[in-house]
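Report on the following structure.
Chains as they are written, first to last, in this note's numbering: chain A, 216 to 533; chain B, 65 to 387.
Right, here's the structure in full:
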């Protein structure tokens with residue numbers, strides 16, 4: 216049995232807004248085994264990025280538990296958390312906004328090393344920076360250039376090198392390839408795959424692009440309006456999605472092949488507001504299988520066997 | 065390729081942007097055709113020249129820095145280049161209309177959606193204000209929005225609904241040609257499915273011809289009849305959608321297919337195209353793709369390949385196919 220590196224239990228993050236309490240993350244449960252990639256998918260506003268940030272304590276959780284190697288990091292003091300952060304890093308979506316435009320490539324990559332006082336001599340640090348640049352495929356001549364001189368793909372490589380600087384075990388990838396063209400996207404996905412194998416990294420890969428998520432993930436969690444509605448290995452999920460939302464989501468992907476006739480489930484309407492959501496299943500208003508019980512009771516994640524979990528009253532019978 | 069009646073023909077179109085940093089060759093010697101009721105996909109990555117082509121057809125290239133250097137854009141037998149602004153205004157929005165990528169910025173935030181739809185109708189059709197508003201409500205219903213919401217402002221709608229309002233404006237005068245510039249890129253996948261289904265339905269109902277600009281080959285497979293693959297301002301492959309998916313020929317097209325993760329089958333690693341998009345002010349000599357091409361030979365850096373018809377109606381601009 217694989218060892219769990221991260222386990223999240225009943226995680227909640229609410230934001231106060233003028234119109235009421237926004238339930239961005241509302242009782243999320245999942246775990247990630249060591250060395251694997253958990254894909255977190257969902258549409259805009261479903262709470263996937265917030266989940267990624269709360270797991271790293273970049274945002275404070277409203278409620279719940281986050282275990283890293285068996286210890287609840289929500290109990291950690293600021294000091295302990297600072298130590299902890301070396302183990303857990305993040306790569307952001309927008310390589311244009313997440314790099315300081317007034318710092319050179321070398322300065323950006325060296326920053327985490329400096330802050331954590333990893334090296335006593337400048338020479339050692341520079342050596343490490345060059346190693347990191349080499350690892351992510353950035354030419355050495357680029358050490359002194361600034362982010363604006365580089366294209367999106369190279370900038371994202373800088374973001375990855377910075378995340379790797381402190382030898383983390385766990386990296387949250389928040390839409391790391393969404394801003395890139397497909398030919399460059401493929402280069403970055405291959406790089407991340409290689410790094411995971413070589414360094415034994417564990418990823419939480421957040422994306423709205425289902426074909427990318429399927430390609431990189433071992434297991435996938437589907438979120439809808441602050442809740443995980445389905446958690447499963449990628450193969451079973453794509454072969455036989457169990458939750459009606461997952462079914463609709465997968466059927467909506469335009470497939471780059473011709474002659475494949477697939478039945479498409481068109482969802483009515485839009486995602487409802489996450490502010491003061493009503494009791495019951497969040498997907499109720501758009502679900503084609505809805506019954507009275509769905510309005511009254513919020514379905515919990517049910518174990519369907521073989522490490523598959525679904526939050527639907529009629530799971531397995533649809 | 066289909067022998068439908070021609071609606072639009074682009075002949076040797078070249079568009080440049082002249083900037084302080086040099087001349088950007090945005091579109092080079094482009095020749096394309098669109099038949100009545102046909103949908104042409106224009107596919108490529110950032111900087112390929114897709115949007116410039118669309119703006120060129122609409123005669124909306126910002127000048128300066130942009131300039132149509134040469135070529136003809138023949139719509140229903142008449143060349144659009146050289147037409148007066150007044151003549152063009154009659155065509156734009158009436159015969160040819162455009163859907164822009166971002167529904168958040170292409171609507172006027174201080175006008176109700178009904179007024180925005182009615183505006184186009186009043187401009188192009190002989191109707192009074194009341195009739196225009198009624199027609200606007202009808203258009204909203206056509207795109208699946210309740211007509212009584214015509215008095216609401218764009219911010220009161222969700223992203224998918226705003227894009228549908230944009231589509232309603234574009235279709236209000238029943239255009240012959242609709243140019244859609246990445247109409248679903250800013251939308252979530254379930255909303256994208258709604259909008260694509262709507263566009264397909266409208267295309268069938270109104271027999272509108274369409275130019276679909278996209279980087280998503282999935283959308284191409286779903287909605288297009290013909291496809292032009294663009295790279296650095298050049299059309300590198302131009303064919304019907306079946307041939308593109310069953311026998312892609314240009315090394316760039318093949319590279320694109322190998323770069324996208326396959327949703328149906330598992331693949332070990334992606335095979336990305338090596339290298340980066342070239343600097344548009346300093347394109348490589350010969351074929352612009354040659355520095356990234358796995359099959360490049362000496363001739364590729366010397367001479368730009370001309371389109372070669374490898375099968376009926378299947379054009380590839382690559383030296384590999386020269387006889």
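Idealized CB from N, CA, C, for every residue including glycine. Predicted model only: the values in this text are computed from it and were never measured.
key: Alpha-carbon to alpha-carbon, residue 333 of chain A and residue 358 of chain B   = 42 Å
request  = Give me the Cα-Cα distance between residue 270 of chain A and residue 261 of chain A, rounded to the nearest whole angstrom.
outcome  = 16 Å
inquiry  = Given this structure, state the Cα-to-Cα distance separating residue 370 of chain A from residue 495 of chain A, to the nearest angstrom.
reply    = Going by the C-alpha atoms only, they are around 43 Å apart.
inquiry  = So, for residue 475 of chain A: in the same chain, excluding its five sequence neighbours on each side, which residues have a beta-carbon less than 7 Å away from its beta-carbon?
reply    = none
Boundaries (first-last residue) of the beta strand (DSSP E) holding residue 228 of chain A = 219-232
ask   = Does any residue of chain B bring its CB to less than 9 Å from the CB of residue 371 of chain A?
value = no
request  = Determine contact between the stretch 521-528 of chain A and the stretch 107-117 of chain B, defined as no fewer than three beta-carbon pairs at a distance below 8 Å.
outcome  = no
ask   = In chain order, which continuous runs of the alpha helix (DSSP H) of length 4 or greater are located wholly inside the stretch 269-348 of chain A?
value = 293-300, 320-330
Beta strand (DSSP E) segments (min. 3 residues) lying fully within the stretch 221-291 of chain B = 241-245, 273-278
key: residue 160 of chain B versus residue 209 of chain B: straight-line alpha-carbon distance, rounded   = 23 Å
Residue 291 of chain A to residue 258 of chain A span [Cα, whole Å] = Whole-angstrom Cα-Cα distance: 32 Å.
ask   = Roughly how many whole angstroms lie between the Cα atoms of residue 466 of chain A and residue 364 of chain A?
value = 40 Å
request  = Step through the CB atoms of chain A and report whether any lies within less than 9 Å of the CB of residue 252 of chain B.
outcome  = yes
request  = At 9 Å on the CB atoms, spell out the chain A contacts of residue 336 of chain B, in chain order.
outcome  = 397, 398, 399, 400, 401, 402, 403, 404, 405
message = Just to make sure I have the definition right: I need the residues of chain B whose C-beta is within less than 8 Å of the C-beta of residue 429 of chain A. Which are they?
response = Near residue 429 of chain A (Cβ distances below 8 Å), the residues of chain B are 325, 327.
inquiry  = Closest to residue 411 of chain A by C-alpha separation, out of A:301, A:422, A:253, would be which residue?
reply    = When only C-alpha atoms are compared, the closest one is A:253.
inquiry  = Here's a check: name, in chain order, each residue in its chain whose Cβ is nearer than 8 Å to the Cβ of residue 71 of chain B, leaving out the five neighbours to either side.
reply    = So the list reads 98, 99, 100, 102, 139, 140, 240, 241, 273, once near-sequence residues are dropped.
message = Excluding the 5 residues flanking residue 331 of chain B on each side, which residues of the same chain have their C-beta closer than 8 Å to its C-beta?
response = Within the same chain, 325 come within 8 Å of residue 331 of chain B by CB-CB distance, once the 5 residues on both sides are set aside.
query = Can you list the residues of chain B that residue 425 of chain A reaches, using a CB-CB cut of under 8 Å?
reply = 253, 327
ask   = Going along the stretch 259-284 of chain B in order, which residues come within less than 9 Å of chain C, judged by CB to CB distance?
value = Given the protein chain composition of this structure (A and B), no chain C is represented.
Three-state secondary structure (DSSP) of residue 245 of chain A = strand
message = Tell me which residues of the stretch 463-474 of chain A have at least one Cβ-Cβ distance to chain B shorter than 7 Å, keeping chain order.
response = 463, 464, 467, 468, 469, 470, 471, 472, 473
task = Would you please state the rounded distance, in angstroms, between the beta carbons of residue 448 of chain A and residue 431 of chain A? I believe it to be under 8 Å.
result = In fact, because the Cβ distance is near 13 Å, the residues do not count as touching under 8 Å.
message = Please report the straight-line C-alpha distance between residue 65 of chain B and residue 375 of chain B, rounded to a whole angstrom.
response = Unreliable placement is indicated for residue 65 of chain B, whose pLDDT of 45 sits below 50; the coordinate value is still reported in the next sentence. Their Cα atoms are separated by approximately 10 Å.
ask   = Since residue 453 of chain A is in the beta strand (DSSP E), which residue starts that stretch and which ends it?
value = Residue 453 of chain A -> not in any beta strand (DSSP E); alpha helix (DSSP H) instead, spanning 449-454.
ask   = Are any of the Cβ atoms in chain B nearer than 9 Å to that of residue 486 of chain A?
value = yes
ask   = Quick check: the stretch 504-520 of chain A against the stretch 299-308 of chain B, are there 3 or more CB pairs under 8 Å?
value = When Cβ pairs closer than 8 Å are counted between the two stretches, the stretch 504-520 of chain A is seen not to touch the stretch 299-308 of chain B, the count staying below three.
request  = Could you name the residues of the same chain whose beta carbon sits closer than 8 Å to that of residue 271 of chain B, not counting the 5 residues immediately before and after it, in chain order?
outcome  = 100, 101
request  = Would you please verify whether the beta carbon of residue 159 of chain B is less than 9 Å from any beta carbon of chain A?
outcome  = Answer no: the Cβ-Cβ gap between residue 159 of chain B and chain A never drops below 9 Å.
task = Check whether the Cβ atoms of residue 236 of chain B and residue 177 of chain B sit closer than 9 Å, and answer yes or no.
result = no
key: Proximal chain B residues relative to residue 390 of chain A, where beta-carbon distance stays under 8 Å   = Those do not exist, as residue 390 of chain A stays about 13 Å from chain B at its closest Cβ, beyond 8 Å.
ask   = Whole-angstrom Cβ separation of residue 310 of chain A and residue 394 of chain A, contact assumed at under 8 Å?
value = The beta carbons of residue 310 of chain A and residue 394 of chain A sit about 6 Å from each other, so the pair counts as a contact at 8 Å.
ask   = What residue range is occupied by the uninterrupted beta strand (DSSP E) comprising residue 389 of chain A?
value = 385-389
inquiry  = Quick check: the stretch 251-271 of chain B against the stretch 179-193 of chain B, are at least 3 beta-carbon pairs closer than 8 Å?
reply    = Too few Cβ pairs lie closer than 8 Å, so no.
ask   = Can you list, in chain order, the stretches of the beta strand (DSSP E) that have 3 or more residues and sit fully within the stretch 96-137 of chain B?
value = 103-107, all fully within the stretch 96-137 of chain B.
request  = Run the CB neighbour count on residue 174 of chain B, radius 10 Å, all protein chains shown included, and call it buried at 16 or more, exposed below.
outcome  = exposed
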